[in-house]
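**Student:** The sequence shown begins at 975 in the working numbering and counts up by one. A virtual CB, placed ideally from N, CA and C, is assigned to each residue, including glycine. Provided herewith is a single structure, encoded as structure tokens, for subsequent inquiry.
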Amino acid sequence: DLKPANLFVLADGALKVLDFGIARQGHRQADEVAIEAFDPAGEMSTAAFLVEHQSQEGDRPRGATSRFAVGTPGFMAPEIIEGGEATPASDAYALAALMVQLTTGSLPQVTSTQLDGTANTTQAWFAEVQAATLRGQLRDLSGLEVGLPRALVALLERWLSLDPVQRRLEAGGMGEALDAVWHCPQGVEPNPFKGLRPYGPEDEGRLPGRGPEIGRLSRELLDVPAVVLQADPGSGMRSLALAGVVPGLAKSFADGRDDWQPIVVSFAVKPKRSPDARVREAIAAHLEAKGREGDDLDALARACEEERLGAVMVLDDVDLALSHPPDERGLLGRLFHDDPEVTPGLRCVGTAGTDTTQTLIEDAALGEGLRPWLRFIGPVQAGLAGELILEPATAAGREVRRLEPVIEALRAELGQDGSRLPVLSVALQRFWEQSSGPLDGAAWEKHGGLLGYFSEHADEVIKGVEPELRDAIDAILLRLVPLDEERIEVERGDLLAVAGERGARALAALADARLLLRRGDAFRLAHPALGERWARLADLRLANLERLTFLQELRAAAQRWSAAAMARDLVWPAHRLREIDRYDDLERDLSEDERRFVQASRAAGRLAWGLRVMAVAFVLLVVAGAAWAQHTIEARALEQSIAVARERDRAAVGRMVTRSRRTED
């Protein structure tokens, strides 16, 4: 005899079902019990009701027969009213009616009579309830103001079916069905994988593989005011916060609240607006929906203390707020403080990238407040790879066949880093969509596996962008594609220089589609093997293979040169530098460090050429000097010989004169 009057809540919160006066064990016939007749003017309690039943004899009506049905109006299943025996299915009907009564304030049957305590209205109301029960006339539970969860509505409507068989229930199965609703209140989506779309509060219970983190963080938030989730780019921290941590906090009934609602601020949206303005807008919208005024934390704290609903400020990409001056993010300092005392009904969950940890803790305004609440979140554990596909398949009732290739591929990717999660999500979404029948590992392999599905996504992205952006996109992809398995990261400024005037739009399109991953101000391909497995990029690489090979050699040489403190002996010789002129606009594809290497190589080449010229000139000067010296020596020798000859001539003349003076002739 399930009904609100027979439920009792103990002081410790335990729920007891009492008054088993008409209960029986499932395998026994009903005992004779003394039940008072229905008093139309009395309370709606358990009673024996006289019910007319039209009986048939062959194809002809035999007439109306009357019997007593024992139970409470609105909670008795149709088959009980019609004289049937109680079964687990009739218990399910009573439990569903009880839950509708408790959550909405009214029975599920359609009635128009308003009870006023008089016998006439009570009798009329009972007649309406009985007729509605027998006809299956129920209120629309999905459109009620209380907003019952979709999975709960589906379960209640099933258990309130007119035909007991349609309630699809076996003995002992109600607890399992309610557990499924508790785990996933909004039910199962046609495709549980959302690709690149983030999960939200409506996706509670649909985030596979994150059970350990959800449990740990939800328990921690019972006693602390805030946590900041740090992870690799693309690890899905916003989804973890909204679809995991906030619902987990609600399920623990933290601070005695019946539920917890998120107030979401993403600092990646409208990044030029001050963080304080963004937070105030979100608070004002949240309070306005409750019929309250205010846009500051004090107004929010008052609302949280006075109401049965708690609020979680979910601040996505907190690290982006640091680009604003401290006076524009004062509210963040109040949300993230080093005081462990919590405000009843209020918590804060932030997200940030692991590459900004040092920046966050060194910030003068926020660092000390943030430091105690930073929590590193790793990728989904490789050991839980099977849950990523098997858990949603089980919930949706999908048949699976030989999924080992799928699970092995997921395990291999998860063993790398958390940034592969977008690739996995896109591939699983497409695998689910394109499998009209069972989820078959053979179909996964035939399609090319993980990168086969992701390449389809990449083709659709390129097809969907404006045609004038495609050249810029190709230039960016060529700059990032590796010739081996080594991952290439390039700074944003270098990519924009490669792509030209449309580079910013092209880069944004690739990043939004998760074909590129961003770490700080650097970008890389979403998967290192994309250059080989994505046909468009593979063809692009093949067409530019010679150029890419030369660039790779140049970059390797530049890295060695830079690592050796720009050693002179590691610059490129002139014949390698001349190869640069073979490729059009090659220097456009170089980073600043690589350009400096080329400039240093050219400067070294010019210096070497200058030294060679000087050496040749010196040799020429030496040769010329030697020749001049030889000529001078020879000239002096000639002069000396002439002088000697002259002296000899003068001496001879002198002797002749002397002899002539001695003679008389």
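Where does residue 1496 fall in DSSP's three states?
**Tutor:** In this structure, residue 1496 counts as strand in the three-state DSSP scheme.
**Student:** Mind checking residue 1368: buried by the 16 CB within 10 Å criterion, or exposed?
**Tutor:** Exposed: under 16 other Cβ atoms inside 10 Å.
**Student:** Any idea what DSSP makes of residue 1146, helix, strand or coil?
**Tutor:** Three-state DSSP puts residue 1146 in coil, outside helix and strand.
**Student:** Within 8 Å, do at least three Cβ pairs link the stretch 1189-1198 to the stretch 1271-1278?
**Tutor:** With a cut-off of 8 Å, the stretch 1189-1198 and the stretch 1271-1278 do not count as touching, because too few Cβ pairs lie within range.
**Student:** For residue 1158 versus residue 1128, is the C-beta distance shorter than 8 Å?
**Tutor:** It is not a contact, given that the beta carbons lie outside the stated cut-off.
**Student:** Can you check whether the CB of residue 1498 is closer than 8 Å to the CB of residue 1443?
**Tutor:** No; because the gap between Cβ atoms is not below 8 Å, this pair is not in contact.
**Student:** Relative to the alpha-carbon of residue 1448, which residue among 1458, 1461, 1433 has its alpha-carbon at the smallest distance?
**Tutor:** Selected option, being the one with the closest Cα: 1433.
**Student:** Apply the 10 Å Cβ neighbour rule to residue 1573 and answer buried if 16 or more other Cβ atoms are within range, or exposed otherwise.
**Tutor:** Residue 1573 should be labelled exposed.
**Student:** Looking at residue 1048: is its Cβ nearer than 8 Å to the Cβ of residue 1097?
**Tutor:** No, the Cβ-Cβ distance between residue 1048 and residue 1097 is not below 8 Å.
**Student:** Below 6 Å CB to CB, which residues in the same chain sit around residue 1404 once its five sequence neighbours on both sides are set aside?
**Tutor:** If we look at residue 1404 and ignore the five residues flanking it on each side, its Cβ neighbours are 1427.
**Student:** Drop a sphere of 10 angstroms on the beta-carbon of residue 1335, count the other beta-carbons inside from all chains shown, and report buried for 16 or more, exposed for fewer.
**Tutor:** Its Cβ having fewer than 16 others within 10 Å, residue 1335 is exposed.
**Student:** Looking only at its chain, what residues have a beta carbon closer than 7 Å to the beta carbon of residue 1472, apart from the 5 residues adjacent to it on each side?
**Tutor:** Closer than 7 Å at the Cβ level, and outside the excluded window around residue 1472, lie 1449, 1450, 1453, 1562, 1563.
**Student:** Look up residue 1320 in the DSSP assignment and say whether it is helix, strand or coil.
**Tutor:** Three-state result, residue 1320: strand.
**Student:** Near residue 1565, what residues of its chain come up, given a Cβ to Cβ distance below 6 Å and the 5 sequence neighbours on each side ignored?
**Tutor:** Excluding positions up to five away in sequence, the list reads 1468.
**Student:** Quick check on the DSSP output: what are the complete alpha helix (DSSP H) runs of length 4 or more inside the stretch 1192-1220, in order along the chain?
**Tutor:** You should have 1211-1214.
**Student:** By Cβ distance, which residues of its chain are closer than 7 Å to residue 1240, with the 5 residues on each side in sequence left out?
**Tutor:** 1290, 1291.
**Student:** Ordered along the chain, which non-local residues of its own chain (more than five positions away) have a Cβ less than 7 Å from that of residue 1311?
**Tutor:** Once the five neighbours on either side are set aside, the close Cβ partners of residue 1311 are 1343.
**Student:** Considering only the alpha carbon of each residue, which of 1600, 1225, 1363 lies closest to residue 1400?
**Tutor:** Nearest C-alpha to residue 1400: 1363.
**Student:** Three-state secondary structure (DSSP) at residue 1339?
**Tutor:** Residue state, collapsed to three classes: coil.
**Student:** What is the residue span of the beta strand (DSSP E) that residue 1287 lies within?
**Tutor:** Run containing residue 1287: 1283-1290, per the beta strand (DSSP E) assignment.
**Student:** According to DSSP, is residue 1045 part of a helix, a strand, or is it coil?
**Tutor:** Residue 1045: strand per DSSP, three-state reduction.
**Student:** Do the stretch 1249-1261 and the stretch 1206-1225 meet, that is, are 3 or more Cβ pairs less than 8 Å apart?
**Tutor:** Contact fails: fewer than three Cβ-Cβ distances are below 8 Å.
**Student:** To the nearest angstrom, how far is it from the Cα of residue 987 to the Cα of residue 1406?
**Tutor:** Near 42 Å, if we compare the C-alpha coordinates of residue 1406 and residue 987.
**Student:** Would you say residue 1213 and residue 1392 are within 8 Å of each other, going by their C-beta atoms?
**Tutor:** No; because the gap between Cβ atoms is not below 8 Å, this pair is not in contact.
**Student:** Can you list the alpha helix (DSSP H) stretches of 4 or more residues lying completely in the stretch 1052-1136, in chain order?
**Tutor:** Listed in chain order, the complete alpha helix (DSSP H) runs (minimum 4 residues) inside the stretch 1052-1136 are 1052-1055, 1062-1078, 1093-1109, 1124-1133.
**Student:** Measure the Cβ-Cβ separation of residue 1284 and residue 1229 and say whether it is below 8 Å.
**Tutor:** Yes, the Cβ-Cβ distance between residue 1284 and residue 1229 is below 8 Å.
**Student:** Does the Cβ of residue 1515 have 16 or more other Cβ atoms within 10 Å, making it buried, or fewer, making it exposed?
**Tutor:** Its Cβ being crowded by 16 or more others within 10 Å, residue 1515 is buried.
**Student:** To the nearest angstrom, how far is it from the Cα of residue 1476 to the Cα of residue 1483?
**Tutor:** Looking at the two C-alpha atoms, the distance is approximately 11 Å.
**Student:** Across the stretch 1547-1554 and the stretch 1500-1511, are there enough close Cβ pairs to call them in contact, namely three or more that are closer than 8 Å?
**Tutor:** Touching, no, given that fewer than three Cβ pairs across the two stretches are closer than 8 Å.
**Student:** For the alpha helix (DSSP H) holding residue 1166, just list the boundary residues, first then last.
**Tutor:** Careful: residue 1166 lies outside any alpha helix (DSSP H) and carries neither H nor E.
**Student:** For residue 1324, which residues of its own chain have a beta-carbon under 6 Å away from its beta-carbon, when the five flanking residues on both sides are left out?
**Tutor:** Within the same chain, residue 1324 has close Cβ partners 1202, 1289, 1292.
**Student:** If you check the beta carbons only, do residue 978 and residue 1076 fall under 8 Å apart?
**Tutor:** Yes; because the gap between Cβ atoms is below 8 Å, this pair is in contact.
**Student:** Assign residue 1357 to one of three DSSP states: helix, strand, or coil.
**Tutor:** If DSSP states are grouped into helix, strand and coil, residue 1357 belongs with the helices.
**Student:** Secondary structure at residue 1349, three-state DSSP: helix, strand or coil?
**Tutor:** Correct three-state label for residue 1349: strand.
**Student:** Give the range of the beta strand (DSSP E) segment to which residue 1462 is assigned.
**Tutor:** Unbroken run through residue 1462: none, as it is neither H nor E.
**Student:** Taking the alpha helix (DSSP H) that residue 1511 belongs to, which residues open and close that run?
**Tutor:** Its alpha helix (DSSP H) spans residues 1509-1517.
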